[in-house]
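As numbered in our numbering, residues 13 to 215 make up the sequence shown, in order. Cβ coordinates follow ideal geometry from the N, Cα and C atoms, glycine included.
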Amino acid sequence: MLDLAILGLLMDRDHHGYEIRTQVRDRLGVSSNLSFGSIYPALARLERQGLVEVAAVADAKPSALSTGSLSGERASLRALRATQSLGRRGRKVYSITPLGRQNFVALLSDPATVDDGRNFSLRMALARYLTPSLRVVLLERRRTDLVERLAEMQAGAHNEQLDSYARSVMAHTAKAVELDLEWIDTLLSTERNNQQTFAPRAK
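Written out as structure tokens, the structure reads:
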């Protein structure tokens, strides 16, 4: 999942490692166990595989700014030290290679882990890189998984062998799945309407 997120960000433009970490978390919503300890090994692996490359190394070094006040000088010094601690790693700027672009689209359209909610959310955040037909396939597969899960949760909510607390959890989960299904149905309707709108008309 991390590889997919990194390659997806680099499809837009080149990024250095710190930007990738921030964008993966804030823009794509991938935040669990995300640190420099996971980003940089992933970048190194992708570079070895020929999927990304170092596009540039920034030479600019941060300098302290004179603010005219003691508290301002201290804040400037703290910022300078923090930036310098990231200096060596943060200066590398990565770009995606043509092979990386091909690999990214293959990963994005691979349905192997669509039943995982986090993976599906990441794929949807990057879905503009898929063809309309592949977006429909992705959504339909997720819908099928959710329908099956909803049936399981609804059955559990009415299972008299479970205590009231367990049934309550099942019912709550079923409502959450119903909301997900409403969202998927809305997306599917939009995709299908767009396909009809832009489909070439037969002469």
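- Classified as exposed, residue 118 has fewer than 16 neighbouring CB atoms from the shown chains inside 10 Å of its CB.
- Short of 7 Å from the beta carbon of residue 67, and not among the five residues preceding or following it, lie these beta carbons of its own chain, in chain order: 26, 105, 106, 107.
- Take residue 192, set aside five residues on each side of it, and the residues of its chain with a beta-carbon closer than 7 Å to its own are 158, in chain order.
- Of the other Cβ atoms in all chains shown, 16 or more fall within 10 Å of the Cβ of residue 135; this residue is therefore buried.
- With a 10 Å radius around the Cβ and a threshold of 16 neighbouring Cβ atoms, residue 49 comes out exposed.
- Residue 139: not part of any beta strand (DSSP E); DSSP gives it neither H nor E.
- Residue 156 and residue 22 have their C-alpha atoms spaced approximately 31 Å apart.
- Per DSSP, the unbroken beta strand (DSSP E) holding residue 65 starts and ends at 64 to 69.
- Per DSSP, the continuous alpha helix (DSSP H) segment holding residue 157 begins and ends at 144 to 169.
- Around the beta-carbon of residue 58, 16 or more other beta-carbon atoms lie within 10 Å, marking it buried.
- Note that the C-beta distance between residue 190 and residue 162 is below 9 Å.
- The Cβ-Cβ distance between residue 63 and residue 109 falls below 9 Å.
- In this structure residue 139 is in contact with residue 150, their Cβ atoms being roughly 7 Å apart against a cut-off of 8 Å.
- Sequence-distant Cβ neighbours of residue 35 in its own chain, meaning closer than 8 Å and more than five residues away, are 21, 27.
- If you draw a straight line from the Cα of residue 51 to the Cα of residue 130, it is about 18 Å long.
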